[in-house]
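A quick write-up on the structure given underneath.
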Amino acid sequence: MRSRSSISSEEVELNAPQSMSSDSWTVAGRTFTSRLIVGTGKYKSLEENAAAVEASGAEIVTVAVRRVNISDPSQPMLTDFIDPKKVTYLPNTAGCFTADDAIRTLRLAREAGGWNLVKLEVLGEAKTLYPDMRETLKATEVLVKEGFEPMVYCVDDPIAAKQLEEAGAVAIMPLGAPIGSGLGIQNRVTIRLIVEGAGVPVLVDAGVGTASDAAQAMELGCDGVLMNTAIAEAKDPVLMARAMKAAVESGRLAYLAGRMQKRRYADPSSPLAGLI
Amino acid sequence: MTGGLSIAAMLGELGLDPKKVAVERNLEIVPRGTLADVEVAEGDAFEIVHFVGGG
Numbered sequence: 006m007r008s009r010s011s012i013s014s015e016e017v018e019l020n021a022p023q024s025m026s027s028d029s030w031t032v033a034g035r036t037f038t039s040r041l042i043v044g045t046g047k048y049k050s051l052e053e054n055a056a057a058v059e060a061s062g063a064e065i066v067t068v069a070v071r072r073v074n075i076s077d078p079s080q081p082m083l084t085d086f087i088d089p090k091k092v093t094y095l096p097n098t099a100g101c102f103t104a105d106d107a108i109r110t111l112r113l114a115r116e117a118g119g120w121n122l123v124k125l126e127v128l129g130e131a132k133t134l135y136p137d138m139r140e141t142l143k144a145t146e147v148l149v150k151e152g153f154e155p156m157v158y159c160v161d162d163p164i165a166a167k168q169l170e171e172a173g174a175v176a177i178m179p180l181g182a183p184i185g186s187g188l189g190i191q192n193r194v195t196i197r198l199i200v201e202g203a204g205v206p207v208l209v210d211a212g213v214g215t216a217s218d219a220a221q222a223m224e225l226g227c228d229g230v231l232m233n234t235a236i237a238e239a240k241d242p243v244l245m246a247r248a249m250k251a252a253v254e255s256g257r258l259a260y261l262a263g264r265m266q267k268r269r270y271a272d273p274s275s276p277l278a279g280l281i
Numbered sequence: 010m011t012g013g014l015s016i017a018a019m020l021g022e023l024g025l026d027p028k029k030v031a032v033e034r035n036l037e038i039v040p041r042g043t044l045a046d047v048e049v050a051e052g053d054a055f056e057i058v059h060f061v062g063g064g
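Protein sequences appear in the order of chains A and B. For the first sequence, the numbering used here begins at 6 and goes up steadily by one. For the second sequence, the numbering used here begins at 10 and goes up steadily by one.
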């Protein structure tokens, strides 16, 4: 576990990759190059969905677990368009409002997919889709006991994040704003506090609306960003997927580069010496 | 349901590929390796799920 309680300029220099391809991140022992995770909901078609995933460069996609339609078993399936052998499927518990429902869903997901890396979210109410942290913590504890490796959606609260990590969450995924809202990161201070306190990867999950929001999450030092609606509901989802890929990469590079200090007044870029 | 039908056979009759679904029988997961061995009994309640697009 690495501590990120303070980031010195030397540390940033040490972390700086020679090229983007060497800048990877690791969750529960699995290493990924792309820091963008995308959802697979709300697309007009499975073809468009697959094209957007391709354009995003994402190596992980979130998926939902739902009843099969036994009246039409021949309808096209997600797995026919996005190959689980090439892209890591991250089963999510979206739509679960209790720890028990989420645990049950993930037990089924593990049986369907055969892996332990999952995304847990336990929602508190339909209006805001804010996470219910009491149920989320309870579910995390049970899932970890059962051998799951849960990446956990949570409020942007550094204390709750720490509690989840102590319970065995393999990644902390605070919201930037409510799911599907596209409002962007509402509280940069708490996201940064979570990043500084965490010993596991931190990914902003939910609330991203456009490319600058994703870049901002990365500039705050997050290990990655998860989004669905920002891409799926763009007028051109495939183009937005490309934009998000570039934003996550540039935000990451800017974080590693270490931004200049802000000043209250101007500071000329041209030398004053030799001025005629 | 009549006796003697395995869960794997039931999935086949429904046109489902057992490799792409997960089955819960009376709130208990049925491990994929045992789908051909477990027989469907009168009154059993099943959940059959798969992965779909989601956020």
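Every residue, glycine too, gets a C-beta built ideally from N, C-alpha and C. Note that the structure is a prediction, hence the values are computed from the model and not measured.
Contact with chain A is absent for B:I16, since none of that chain's Cβ atoms lies less than 8 angstroms from the residue's Cβ.
Put simply, the CB of B:G21 is far from chain A, with every gap to its CB atoms at 8 angstroms or more. The DSSP assignment places 163 to 172, 193 to 202, 216 to 224 and 234 to 237 as complete runs of the alpha helix (DSSP H) inside the region 155 to 239 of chain A, in order along the chain (cut-off: 4 residues). If you draw a straight line from the Cα of A:L198 to the Cα of A:G226, it comes to about 10 angstroms. One Cα belongs to A:M82, the other to A:S275, and the distance between them is close to 60 angstroms. Annotation for B:G62: the continuous beta strand (DSSP E) segment containing it runs F55 to G62.
The Cβ of B:A31 sits closer than 8 angstroms to at least one Cβ of chain A. Counting the other CB atoms within 10 Å of its CB gives A:A262 a total below 16, which places it among the exposed residues. Annotation: the continuous alpha helix (DSSP H) that includes A:E146 extends over M138 to K150. Here A:N121 is not bridged, per DSSP, to any residue. Against chain B, the beta carbon of A:G46 has neighbours under 7 angstroms at G62, G63 and G64, listed in chain order. A:A248 has its alpha-carbon roughly 25 angstroms from the corresponding atom of A:K124. No residue range can be given for A:P276, since it is assigned to no alpha helix (DSSP H) and is classified by DSSP as neither H nor E. By the neighbour-count definition (other C-beta atoms within 10 Å, threshold 16), A:P163 is a buried residue.
Residue pairing by DSSP leaves A:Y260 without any beta bridge partner. Rounded to the nearest whole angstrom, the C-alpha separation of A:Q191 and A:G181 is 6 angstroms. Burial of A:R112 is indicated by the presence of at least 16 other C-beta atoms within 10 angstroms of its C-beta. For B:V58, the residues of chain A that pass the 7 angstroms Cβ criterion are V70, R71, R72, V73, L113 and A117, in the order they occur in the chain. Rounded to the nearest whole angstrom, the CA to CA distance from A:G229 to A:V32 is 11 angstroms. Between A:R72 and B:E56, the CB-CB gap stays under 8 angstroms. Beta bridge pairing from DSSP links A:Y94 with A:V66. Between A:P242 and the set A:L51, A:K47, A:C159 and A:A57, the nearest pair of CA atoms involves A:A57. Taking a Cβ-Cβ cut-off of 7 angstroms, the neighbours of B:G24 in chain A comprise P78 and S79, given in sequence order. Residue A:I108 holds the alpha-carbon nearest to the alpha-carbon of B:L36 among A:V66, A:I108, A:P96 and A:W30. Where B:G21 is concerned, the enclosing alpha helix (DSSP H) starts and stops at I16 to L23.
Setting aside the 5 residues that flank it on each side, A:L169 is surrounded in the same chain by T141, L142, T145, V157, C159 and I177, each with a C-beta closer than 8 angstroms to its C-beta; the list follows chain order.
Distance from the Cα of B:G21 is smallest, within the candidate group B:R34, B:L44 and B:P40, for B:L44.
For A:T84, the enclosing alpha helix (DSSP H) begins and ends at L83 to F86.
Annotated three-state conformation of B:A31 is strand, per DSSP. The three-state reading of DSSP puts A:T31 in strand, counting E and B together. The bridge partners DSSP lists for A:L113 come to none.
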